[in-house]
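> My questions all concern the structure below.
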Amino acid sequence: LDPVDGTFNYAAGSPMAGILLGLLHDGEPVAGLTWLPFMDQRYTAVAGGPLCKNGEAQPTLVPTDLGDSLIGTGSFSADARGRFPGRYRIAVLENLSRVSSRLRIHGSTGLDLAYVADGILGAAVSFGGHVWDHAAGVALVRAAGGVVTTLAGEPWSSASQSTLAAEPVAHARLLELLRSTGRPQ
59 LDPVDGTFNY AAGSPMAGIL LGLLHDGEPV AGLTWLPFMD QRYTAVAGGP
109 LCKNGEAQPT LVPTDLGDSL IGTGSFSADA RGRFPGRYRI AVLENLSRVS
159 SRLRIHGSTG LDLAYVADGI LGAAVSFGGH VWDHAAGVAL VRAAGGVVTT
209 LAGEPWSSAS QSTLAAEPVA HARLLELLRS TGRPQ
C-alpha cells in the first residue's frame, strides 16, 4: 500500500497523486489498484483478467512507435548516488531522448505505470526500488499485455531495484538502448 504516491505533487497541489494497492503472492503481483482521485481515474487488474479503467475493461496494448510516444521517467538528480548515480541517469535520459523527444517526469511512479497499461505512455522507466511504488502498476501493465522487468532486463519481482515497463516491442527496443548505455558506475 502506498497511501499517497506522488507525495510532493499532492503537497504542492498537483493532481498527479494517487493511492496504490498491490496484492502479492510469492513476491509476484496478482492484483493491483491505482486510484488517481483528482483525475477521476481508477485502474484495476487481477492476474489473468483485463486491465479495467473506471470499471470498464480496456483493450490490450498494441505495438508502439516510441518516436511518437510519451515516455515516463522517474525523478532524478544529477548529484544522485547509490544504485543509479546521477551521471548514469543523465546518460539514460540522453539516450531516451534520441528515441523520443517526449520524456515526462510526472513525479508518481504509480501514475506512470497505470498510464503505460492504458497506452497513454509508451513506456516508463523507474530508478526506484520500493515495492509499494511498483507492485500495483506491475499488475496493471501485465494485465494489459505489457512487459515489466528491471532496467537490466531481469524479471520484475518485489525485490527489484528498478523498473522498465512497456508493450513487448517497445520494451525490447528500450532494453537494447539501456544495455547500450552501459552499467551504472
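Going letter by letter, the sequence shown gives residues 59 to 243 in the working numbering. C-beta atoms are modelled at their ideal positions from N, C-alpha and C, and glycine is treated no differently. Given the structure is predicted, the values throughout are model-derived calculations rather than measurements.
Can you name, in chain order, every residue of its own chain whose Cβ lies under 6 angstroms from the Cβ of residue 160, other than the five neighbours on each side?
Within the sequence shown, the letter at position 102 stands for residue 160. Closer than 6 angstroms at the Cβ level, and outside the excluded window around residue 160, lie 128.
> Kindly indicate which three-state DSSP category residue 108 falls into: helix, strand or coil?
Taking the sequence shown and counting its residues from 1, the one referred to as residue 108 is at position 50. Coil, per DSSP.
> Is residue 67 buried or exposed, if buried means 16 or more other CB atoms sit within 10 Å of its CB?
In the sequence shown, residue 67 corresponds to position 9, counting from 1. Classification of residue 67: buried, given that the 10 Å Cβ count is 16 or more.
> On the criterion of 16 or more Cβ atoms from any shown chain inside 10 Å, does residue 83 qualify as buried, or is it exposed?
As a first step, residue 83 must be located in the sequence shown, where it is residue number 25. Its Cβ having fewer than 16 others within 10 Å, residue 83 is exposed.
> For the segment 166–184 against the segment 68–79, do three or more pairs of beta-carbon atoms, one drawn from each stretch, fall closer than 8 angstroms, so that the two count as touching?
Judged by Cβ distances under 8 angstroms, the segment 166–184 makes contact with the segment 68–79, as three or more pairs qualify.
> In the DSSP assignment, find the unbroken alpha helix (DSSP H) run with residue 151 in it and report its ends.
As a working mapping, residue 151 is identified with position 93 in the sequence shown. Taken as a continuous stretch (DSSP letters only), the alpha helix (DSSP H) holding residue 151 covers 144–157.
> Would the beta-carbon of residue 157 fall within 8 angstroms of that of residue 124?
As a first step, residue 157 is located in the sequence shown; it is residue number 99 there, counting from the start. As a first step, residue 124 is located in the sequence shown; it is residue number 66 there, counting from the start. Taking 8 angstroms as the Cβ cut-off, residue 157 and residue 124 qualify as a contacting pair.
> Helix or strand or just coil, what does DSSP make of residue 234?
Along the sequence shown, read from residue 1 onward, the residue named residue 234 stands at position 176. The answer is helix: DSSP assigns residue 234 an H, G or I state.
> Excluding the 5 residues preceding and the 5 following residue 133 in the sequence, name in chain order all residues of the same chain whose CB lies nearer than 7 angstroms to its CB.
Residue mapping note: residue 133 aligns to position 75 of the sequence shown, counting from 1. Answer for residue 133: 163, 165, listed in chain order.
> In its own chain, which residues sit with a C-beta less than 8 angstroms from the C-beta of residue 152, not counting the 5 before and 5 after it?
The residue you call residue 152 lines up with position 94 of the sequence shown. Here the set comprises nothing.
> Please name the residue in 104, 192, 184 whose C-alpha comes closest to that of residue 147.
Locating residue 147 in the sequence shown gives position 89, where the first residue counts as 1. Checking every option, the nearest Cα to that of residue 147 belongs to 184.
> Grab the span of the beta strand (DSSP E) containing residue 171 for me, first residue to last.
In the sequence shown, residue 171 corresponds to position 113, counting from 1. That residue, residue 171, is in no beta strand (DSSP E); its alpha helix (DSSP H) goes 167–175.
> Could you check whether residue 187 and residue 219 sit closer than 8 angstroms to each other, using their CB atoms as the reference points?
The residue you call residue 219 lines up with position 161 of the sequence shown. The residue you call residue 187 lines up with position 129 of the sequence shown. Yes, they are a contact pair.
> Going by beta-carbon coordinates alone, are residue 198 and residue 118 separated by less than 8 angstroms?
Within the sequence shown, numbered from 1, the residue matching residue 198 stands at position 140. Within the sequence shown, numbered from 1, the residue matching residue 118 stands at position 60. Not closer than 8 angstroms, so no.
> May I have the straight-line CA-CA distance separating residue 60 from residue 195, to the nearest angstrom?
Residue mapping note: residue 60 aligns to position 2 of the sequence shown, counting from 1. Residue mapping note: residue 195 aligns to position 137 of the sequence shown, counting from 1. Between residue 60 and residue 195, the C-alpha separation is close to 12 angstroms.
> Hey, residue 191 and residue 101: beta-carbon distance below 8 angstroms or not?
Within the sequence shown, the letter at position 133 stands for residue 191. Within the sequence shown, the letter at position 43 stands for residue 101. No; because the gap between Cβ atoms is not below 8 angstroms, this pair is not in contact.
> If we call anything under 8 angstroms between Cβ atoms a contact, is residue 206 one with residue 214?
Within the sequence shown, the letter at position 148 stands for residue 206. Within the sequence shown, the letter at position 156 stands for residue 214. Contact flag set, yes.
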